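In what follows, a single structure is set out as structure tokens and then discussed.
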Amino acid sequence: MYRNPHFANSYVPSTPAGWVHTNTYFPQQKMSGAVSRVVPNRDVEFTPQEADSDAHGQGFKLYKWTFVLNPNEYLVCRLSGTSTERVISAGFATDPLAPVYAVENFPRHPHVWVTSLHNTSSSRLNLYLYLIVKV
Numbered sequence: 001m002y003r004n005p006h007f008a009n010s011y012v013p014s015t016p017a018g019w020v021h022t023n024t025y026f027p028q029q030k031m032s033g034a035v036s037r038v039v040p041n042r043d044v045e046f047t048p049q050e051a052d053s054d055a056h057g058q059g060f061k062l063y064k065w066t067f068v069l070n071p072n073e074y075l076v077c078r079l080s081g082t083s084t085e086r087v088i089s090a091g092f093a094t095d096p097l098a099p100v101y102a103v104e105n106f107p108r109h110p111h112v113w114v115t116s117l118h119n120t121s122s123s124r125l126n127l128y129l130y131l132i133v134k135v
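To convert, note that position 3 of the sequence shown is 3 in full-length UniProt numbering; the numbers rise steadily by one, no gaps.
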């Protein structure tokens with residue numbers, strides 16, 4: 001311990017910031033009720049044949065899809081490239097801007113990306129999905 005010169009009669013622990021103390025107690029808490037699972041309203045596959053695409057140079061390509069997202073809907077989007085492409089990243093945008101959240105966002109297979117979205121608004125929205133692949 002060392003004395004903090006800015007405060008009279010105060011001491012600061014000598015453990016550096018960010019270190020975890022091992023004497024912390026976390027009591028076990030019982031869960032109230034059963035665990036509920038969210039069931040998506042729709043599960044949609046988006047293929048390269050349905051997409052607009054742009055070459056981005058150096059072997060990268062961008063696929064773009066347009067879709068309608070219903071109010072208070074959970075939507076699972078499976079964004080696919082061709083079997084010879086590898087997914088790099090994916091994203092989405094809405095019009096108009098609204099509280100839509102990505103519940104999941106991950107590469108499922110080398111050429112498939114999954115994004116699960118939740119529209120918490122009470123409006124129908126235009127949804128724009130994007131997938132970047134390496135050719």
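All C-beta atoms, glycine included, are put in the ideal place defined by N, C-alpha and C.
Predicted model, so just to flag it, every value in this text is computed and none were measured.
Residue environment, residue i, which counts as buried when at least 16 other CB atoms sit within 10 Å
i           : result
Gly-81      : buried
Ala-55      : exposed
residue 136 : It is not possible to answer for residue 136, since the shown part of the chain is limited to 1 through 135.
Asn-119     : buried
residue 141 : There is no way to answer for residue 141, as the model of the chain reaches only from 1 to 135.
Rounded C-alpha distance that separates residue i from residue j
i       : j       : result
Thr-66  : Gln-58  : 26 Å
Tyr-130 : Asp-52  : 10 Å
Thr-84  : Pro-96  : 35 Å
Ile-88  : Pro-99  : 25 Å
Leu-79  : Lys-64  : 10 Å
Cys-77  : Phe-46  : 7 Å
Val-44  : Val-38  : 16 Å
Thr-94  : Gln-28  : 41 Å
Ser-123 : Trp-113 : 26 Å
Phe-60  : His-109 : 18 Å
Pro-107 : Lys-30  : 34 Å
Arg-42  : Arg-86  : 25 Å
Tyr-101 : Glu-73  : 11 Å
Residue i versus the options, residue with shortest Cα-Cα distance
i       : options                               : result
Pro-71  : Asn-126, Val-135, Ser-121 and Ala-102 : Ser-121
Ile-105 : Thr-94, Arg-124 and Leu-75            : Here residue 105 is Asn; the residue named in the question, Ile, does not match the sequence. It is Leu-75 whose Cα lies nearest to the Cα of Asn-105.
Pro-40  : Ser-123, Thr-115, Glu-50 and Val-133  : Thr-115
Lys-134 : His-111, Arg-42 and Glu-50            : His-111
Ala-90  : Ile-132, Lys-30 and Arg-42            : Ile-132
Nearest-angstrom beta carbon gap, residue j and residue i [assumed within contact, 8 Å]
i           : j       : result
residue 140 : Leu-127 : Outside the displayed span of the chain (1 to 135) sits residue 140, for which this structure offers no information.
Val-103     : Leu-125 : In fact, because the Cβ distance is near 16 Å, the residues do not count as touching under 8 Å.
query = In chain order, which continuous runs of the beta strand (DSSP E) of length 3 or greater are located wholly inside the segment 51-84?
reply = Within the segment 51-84, the complete beta strand (DSSP E) runs of at least 3 residues are 52-55, 60-69 and 74-80.
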